[in-house]
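Heads up, the thing below is written out as structure tokens.
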Amino acid sequence: MNLYKYVSDAINEKLGMTVNLEVPRNREFGDFSTNAAMVMAKSAGKNPRELAGDIVPKLMELEFVADASIAGPGFINIKLRDDFIWDAASQPAQPRAATPMTIDMDYGSYNVAKSLHIGHLRTSIVGDTLNRVAKFLGHKTISYNHIGDWGRPMGLVIAYIESLHPQWPFFAADFDAAKINPADYPITAAELDTYYPAASARGKNDPEFLDRARQITADLQNGHPGYTALYNLFLAVSLDMMDGIIQKLNMMPFDKTLGERNASMHLDGVEKMLRDKNLLQASDGAEIVPVRRDSDAEPMPPFMFYNSRGADTYEATDLAAIWYRKKHDNPDKIWYLTDARQQLHFKQVFRVAEMLDLFPVENLEHLYFGTINGPGGQPFKTRDGNAAGLLDIIDMVGDAVRARVADAGKTLDNDTIESIALAALKFTDLMHDVKSDYIFDPAQITSFEGRTGPYILYTAVRLNSVLRRAGVTTPVAAPELSADERNLLIGILDFERVVQNTFENRSTDLLANYTYDLCQLVNTFYHNCPILRDDVAPQTRAARLHIAAAAQRTLADAIGLMGLKIPAEM
Ligand code: ARG
1192 MNLYKYVSDA
1202 INEKLGMTVN
1212 LEVPRNREFG
1222 DFSTNAAMVM
1232 AKSAGKNPRE
1242 LAGDIVPKLM
1252 ELEFVADASI
1262 AGPGFINIKL
1272 RDDFIWDAAS
1282 QPAQPRAATP
1292 MTIDMDYGSY
1302 NVAKSLHIGH
1312 LRTSIVGDTL
1322 NRVAKFLGHK
1332 TISYNHIGDW
1342 GRPMGLVIAY
1352 IESLHPQWPF
1362 FAADFDAAKI
1372 NPADYPITAA
1382 ELDTYYPAAS
1392 ARGKNDPEFL
1402 DRARQITADL
1412 QNGHPGYTAL
1422 YNLFLAVSLD
1432 MMDGIIQKLN
1442 MMPFDKTLGE
1452 RNASMHLDGV
1462 EKMLRDKNLL
1472 QASDGAEIVP
1482 VRRDSDAEPM
1492 PPFMFYNSRG
1502 ADTYEATDLA
1512 AIWYRKKHDN
1522 PDKIWYLTDA
1532 RQQLHFKQVF
1542 RVAEMLDLFP
1552 VENLEHLYFG
1562 TINGPGGQPF
1572 KTRDGNAAGL
1582 LDIIDMVGDA
1592 VRARVADAGK
1602 TLDNDTIESI
1612 ALAALKFTDL
1622 MHDVKSDYIF
1632 DPAQITSFEG
1642 RTGPYILYTA
1652 VRLNSVLRRA
1662 GVTTPVAAPE
1672 LSADERNLLI
1682 GILDFERVVQ
1692 NTFENRSTDL
1702 LANYTYDLCQ
1712 LVNTFYHNCP
1722 ILRDDVAPQT
1732 RAARLHIAAA
1742 AQRTLADAIG
1752 LMGLKIPAEM
């Protein structure tokens, strides 16, 4: 149950107005409070305490209210009945969106023949969780790994391979795809990783090479058979590597791995729309759409449809991707998750989509991220000073967990270590406001105490172990609740609201921080309310086990939405 909504709807109905319902920090006097009397008094010119006196008896009529009392200048505190809380928390959470939508979610969106780096962490982790949250609420999602597989980097990599293996047949005029045996041209993932950086460095001081790469890009985009065959070879290597990361991060598989190349096949349709509306302008050999508006305070360069070499641009393929998604999925919304540096790009694309009446612009959302910095506040680097690859980062967190576990004199198997490391990495990413930068410190995020993934897992493992040791739990009637028991149950009943808010605000930090707060409540309960100790009366034990089971269910749901794995022991 969404407790907040249930209580607030019932009060609104009872009083015939929309009241402002708050959750007080200290629950001693009430589970909820409202300033309704003070708001009404203002417009009616009456004394707020007197008005509150009229409202209280009405609230007392609600079946779930145990007590309503006036405080201060006219606040009303509302305390819920224990048996109501008890029964509500006994039901599993089943939040449902009022209006289920279809959402195309574009996240991950890795690049072919370029290694994954720290910049791909947030789009992967936050994207996967938002996808799980949306599904949990009953929305239909279609996830797109919109791979970067079509631009200049492809030409650079092919030109580089040509310089390494000029004798390979892909570059020959008489190339014949039928004669190719892929096994004769092995490209390992490790090799491929080095090609793009090497090629782009070479392009910077070798104009001839750069020119060659440009030409190859255009030829590839026009279907050159040799380049296409070579491209397909390293595409397979890249897709394999992406799969490895997706599994390592325990992400759901993408519904569609379709990127710029696929979109480019739909450019003709989009170009026709642009020409029909007379939006394309020739400019120095390129074709552009001016998108600047008088109200723009920031620079707003034109949208480039074809560049001066006639190559498809990143912008154009994104426009065509909207066309494709509309045709195939007809989504209510399209979400894009990338870092903040792509804001201008998406503004331009969305403006042209609007000019074309291609897609309602308010339903195109760019959710952008801040940067992940190292402990010094500078962009995160590996120990040898290089930009950190995604795999390096995952390994680094694994090593930090191993060191901690060894320090604590524990031995844990490798799967457990990996689950803990995954939780450390993902939880820290999810708990930060997506738009702000944050500092990534492997030592800190792997601590078993504080606002960390390992702490969350540890709490879940502990609950699981208590429930396992207790054996079957039987349903029990509502007992009189202690403060710690009440607080935990009310925390559990806040879960649905948090999931809704996480979705509505596209803010995974709400879910992550809620989960941490819930763990705090669990641990306080666990500490103050012994369960399996010999001196605990059977009745009390049964009731506490019931609470522990409800907490375990909720925590497991929350952990599942974050895509973490709960180990058997820690
Ligand atoms: N491949 C791009 C990158 O790694 C992200 C693509 C985002 N999605 C999109 N439709 N443009 O930065």
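Sequential numbering of the sequence shown, starting at 1192, is according to the working numbering. All residues carry an ideal CB built from backbone N, CA and C; glycine is no exception.
According to DSSP, residue 1480 shares a beta bridge with 1494. Shown here, residue 1663 sits in coil according to DSSP, grouped into three states, outside any helix or strand. Taking 8 Å as the cut-off, the Cβ atoms of residue 1564 and residue 1620 do not count as close. Pairing residue 1299 with residue 1445 gives a Cβ-Cβ distance under 8 Å. Remark: the shortest separation between the CB of residue 1339 and any heavy atom of the ligand ARG falls under 7 Å. Short of 7 Å from the beta carbon of residue 1502, and not among the five residues preceding or following it, lie these beta carbons of its own chain, in chain order: 1408, 1409 and 1412.
For the pair of segments examined, the segment 1661-1671 was found to touch the segment 1731-1745: the number of CB pairs separated by less than 8 Å reaches three. Contact annotation, residue 1481 with residue 1490: C-beta distance approximately 13 Å; criterion of less than 8 Å not satisfied. Cα atoms of residue 1257 and residue 1247: separation of roughly 11 Å, rounded to the nearest angstrom.
Residue 1634 has its CB no nearer than 7 Å to any heavy atom of the ligand ARG. Shortest gap from the CB of residue 1512 to any heavy atom of the ligand ARG: under 7 Å. Around the beta carbon of residue 1224, 16 or more other beta carbons lie within 10 angstroms, which makes this residue buried.
Relative to the ligand ARG, even the nearest heavy atom lies 7 Å or more away from the CB of residue 1559.
Distance check between residue 1404 and each of 1645, 1214, 1680 and 1341 places 1341 closest, using alpha-carbon atoms only. DSSP, reduced to helix, strand and coil, places residue 1751 within a helical segment of the structure shown. For residue 1559, DSSP records a beta bridge to 1529.
Relative to residue 1392, the option among 1372, 1365, 1422 and 1351 whose CA is nearest is 1351. For residue 1389, same chain residues with a beta-carbon under 8 Å away, outside a window of 5 residues either side, are 1351 in chain order. The three-state reading of DSSP puts residue 1233 in helix, counting H, G and I together. For the ligand ARG, a non-hydrogen atom lies closer than 7 Å to the CB of residue 1529. Counting C-beta atoms within 10 angstroms of its own C-beta, residue 1539 has 16 or more neighbours from the protein chains shown and is therefore classed as buried.
The beta carbon of residue 1193 lies closer than 6 Å to those of 1687 and 1688 in the same chain, with the five residues before and after it left out.
In the DSSP assignment, no residue is bridged to residue 1692. Of the residues assessed, residue 1723 falls on the exposed side of the cut-off, its CB having fewer than 16 other CB atoms within 10 angstroms. At a cut-off of 7 Å, the beta-carbon of residue 1384 does not count as near the ligand ARG: no heavy atom of the ligand is closer than that. Annotation for residue 1297 indicates a beta carbon within 7 Å of some heavy atom of the ligand ARG. Contact between residue 1286 and residue 1691 is confirmed by a C-beta separation of about 6 Å, below the 8 Å threshold. Taking a C-beta distance under 8 Å as the contact criterion, residue 1448 and residue 1338 qualify as a contact pair. Taking non-hydrogen atoms of the ligand ARG into account, the C-beta of residue 1301 is found less than 7 Å away from one of them. For the 8 Å CB-CB criterion, residue 1716 and residue 1325 do not form a contact. Taken from the Cβ of residue 1503, every heavy atom of the ligand ARG lies 7 Å or farther away. Contact check for residue 1369 against residue 1455 fails: the beta carbons are separated by 8 Å or more.
Going by beta carbons, residue 1645 and residue 1638 fall inside the 8 Å limit. Taking each of 1556, 1518 and 1521 in turn and checking the Cα distance to residue 1535, the smallest one comes out for 1556. Annotated three-state conformation of residue 1223 is strand, per DSSP. Across the set 1755, 1425, 1439 and 1197, the C-alpha of 1197 shows the shortest separation from the C-alpha of residue 1279.
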